[in-house]
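Chains as they are written, first to last, in my numbering: chain A, 1 to 307; chain B, 1001 to 1186.
Ideal Cβ positions, reconstructed from N, Cα and C, are used throughout, including at glycine.
Being a predicted model, the structure only gives us computed values, none of them experimental.
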């Protein structure tokens, strides 16, 4: 009998019908569902269904498909690499201050919830630098904190880094081929097929991803547009919490004076402070700077007195 | 006689084919209906059931970042959405009476399959649990990565994670610094 043939034909007809009636965006879920339906109706066997799902998903994978949990583990290892190049400053008072301020700002961002939360650490370096590892691990050097004269300015620095986390800029630094590779390994279903060899392969991909990110963070920097975007997010966060967004341009003005051209820090990895200020001025309110309350100024000086 | 028999046979085959075709069309339409039921509601409105995609999600009494925390939900917990307001979702735990607001960044439509009682993914490091807890880049892969990169020290990464402040700490901090949110509090 040719029943199997007809059933297969009807499955293709179904796919065709689906393709006609839906847009490209929902294509992946539709095909995946179609495969599931076909499988449940015994039109195709589970391995065929699996192959369809896998093929469909591999094509459209991007950095956005990493789950918050995967992002967290990537972030932890990126953080460990950053800490292999820089040592922590180990000033509990200052770290505590940075964390309560930073976590307040993160709550007001568009991604207040990451898998492991936002955490901040001061690096013992005179360089003017900062790093945001995926998932919420943020590092600020003493050199950069010295560019901040107010709590609002410190908030601006932290909010910029939170912006990088919110936009997943770290994950975007992972090469496309590597992402495809990762999801091909992940497509293997079940613990039975996930043996030593797959683990070794996945670890290799992981290692590559960490290297892609740290190279961008430490050596090359993000694109100018990603930096401008992080500044824009910083302004938004500062406004939401109640800090003066002009503190960002004030901090950048101090940084401009302190950066040495040809240095290994922000000078190499970021657009010049002057061009960032020009960009920010295009959307920031022209209102006069807010007077900073005494108590707020007193506590930033107290917390960062040894910086 | 023979020709008539052949004709009858041919007619029978044709009828059979038509019946089969109708069957196929029915299967197709049925499948299409199934797709309409399962896929289209997702694109038309929001998914009714969502899953916690972070280690611990905070359920707040109001849709505001400093809203009072009324419950904490674990990774993989399922919630039903009652209402949307901006980036906040009013949800209810299926088998409980607790309801409150959770930020959308803590939730996903993807099902997270955890082994029963293994809410803390960090503890699930054996191979058998790999497929159940977070697949892919997880604690197992990190352990392998550490073996290959013994120069890397995670001590301070672990310590960083202990820097945590409560909503009460944060509210006191904002009050002390006279930082006033223009959005107002709750």
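Counting the other CB atoms within 10 Å of its CB gives residue 1014(B) a total below 16, which places it among the exposed residues. Legend: CB atoms of the segment 1140-1156 of chain B lying less than 8 Å from CB atoms of chain A belong to residues 1140, 1141, 1142, 1144, 1145, 1148, 1149, 1151, 1152, 1153, 1154, 1156.
Residue 1099(B) has 1092(B) as its beta-bridge partners, per DSSP.
Contact annotation: residue 1179(B) and residue 102(A) have beta-carbon atoms that are not nearer than 7 Å. The CB of residue 239(A) comes closer than 8 Å to the CB of 1182 in chain B, given here in chain order.
Within the segment 1007-1024 of chain B, 1020, 1024 place their CB atoms closer than 7 Å to a CB of chain A, listed in sequence order.
Assigned with DSSP and collapsed to three states, residue 120(A) falls in strand. No Cβ-Cβ contact shorter than 7 Å links residue 122(A) with residue 138(A).
Between residue 107(A) and residue 159(A), the C-beta gap is not smaller than 7 Å, which leaves the two residues out of contact. Taken through DSSP and simplified to helix, strand or coil, residue 271(A) comes out as coil. The Cβ of residue 276(A) sits no closer than 7 Å to any Cβ of chain B. For residue 1059(B), the three-state secondary structure derived from DSSP is strand. Residue-level contact by beta carbon fails for residue 153(A) and chain B, as no gap is shorter than 7 Å.
Bounds of the beta strand (DSSP E) holding residue 1082(B) are 1078-1085.
In this structure, the beta-carbon distance from residue 1093(B) to residue 1081(B) does not fall below 7 Å. Residue range 1049-1052 is occupied by the beta strand (DSSP E) that includes residue 1049(B), with no alpha helix (DSSP H) assigned at that position. Under the Cβ criterion (8 Å, minimum of three pairs), the segment 265-278 of chain A does not count as touching the segment 1144-1151 of chain B. In the three-state reduction of the DSSP assignment, residue 277(A) falls in the helix class, which pools H, G and I. Of all C-beta pairs linking the segment 142-154 of chain A to the segment 242-255 of chain A, three or more are shorter than 8 Å, placing the two stretches in contact. Chain B has a Cβ within less than 7 Å of the Cβ of residue 73(A).
Assignment of beta-bridge partners to residue 133(A) by DSSP yields 137(A). For residue 1051(B), no Cβ of chain A is located within less than 7 Å of the residue's own Cβ. Using a Cβ-Cβ cut-off of 7 Å, residue 290(A) does not count as an interface residue toward chain B, since no Cβ of chain B sits closer than that to its own.
The criterion of a C-beta distance shorter than 7 Å is satisfied by residue 1138(B) and residue 73(A). Each of 199(A), 280(A), 240(A) was checked against the Cα of residue 225(A), and the nearest Cα belongs to 280(A). Within the segment 104-120 of chain A, the residues whose Cβ lies closer than 8 Å to any Cβ of chain B are, in chain order, 104, 107, 108, 110, 111, 112, 113, 114, 115, 116, 117, 119, 120. Among the residues facing chain B, residue 97(A) is not included, as its CB has no counterpart in that chain under 7 Å away. Three or more pairs of CB atoms, one per stretch, sit closer than 8 Å, so the segment 1054-1061 of chain B contacts the segment 108-128 of chain A. The beta carbon of residue 1163(B) sits closer than 8 Å to no other beta carbon from its chain once the five residues preceding and following it are set aside. Restricted to the segment 146-217 of chain A, the alpha helix (DSSP H) segments that are unbroken, complete and at least 4 residues in length are 151-166, 169-172, 176-186, 190-193, 196-214, listed in chain order.
Nearest Cα to residue 119(A) within the set 1142(B), 1175(B), 1157(B), 1030(B): 1157(B). With contacts defined as CB atoms closer than 7 Å, residue 1106(B) and residue 1070(B) fail to qualify as a contacting pair. Residues 1087, 1088, 1089 of the same chain have their beta carbon placed closer than 8 Å to that of residue 1104(B), with the five preceding and five following residues left out of the count. Per DSSP, reduced to three states, the secondary structure at residue 94(A) is helical.
In the three-state reduction of the DSSP assignment, residue 68(A) falls in the helix class, which pools H, G and I.
Nearest to residue 1072(B) by alpha-carbon distance, out of 1052(B), 1084(B), 1004(B), 1064(B), is 1052(B).
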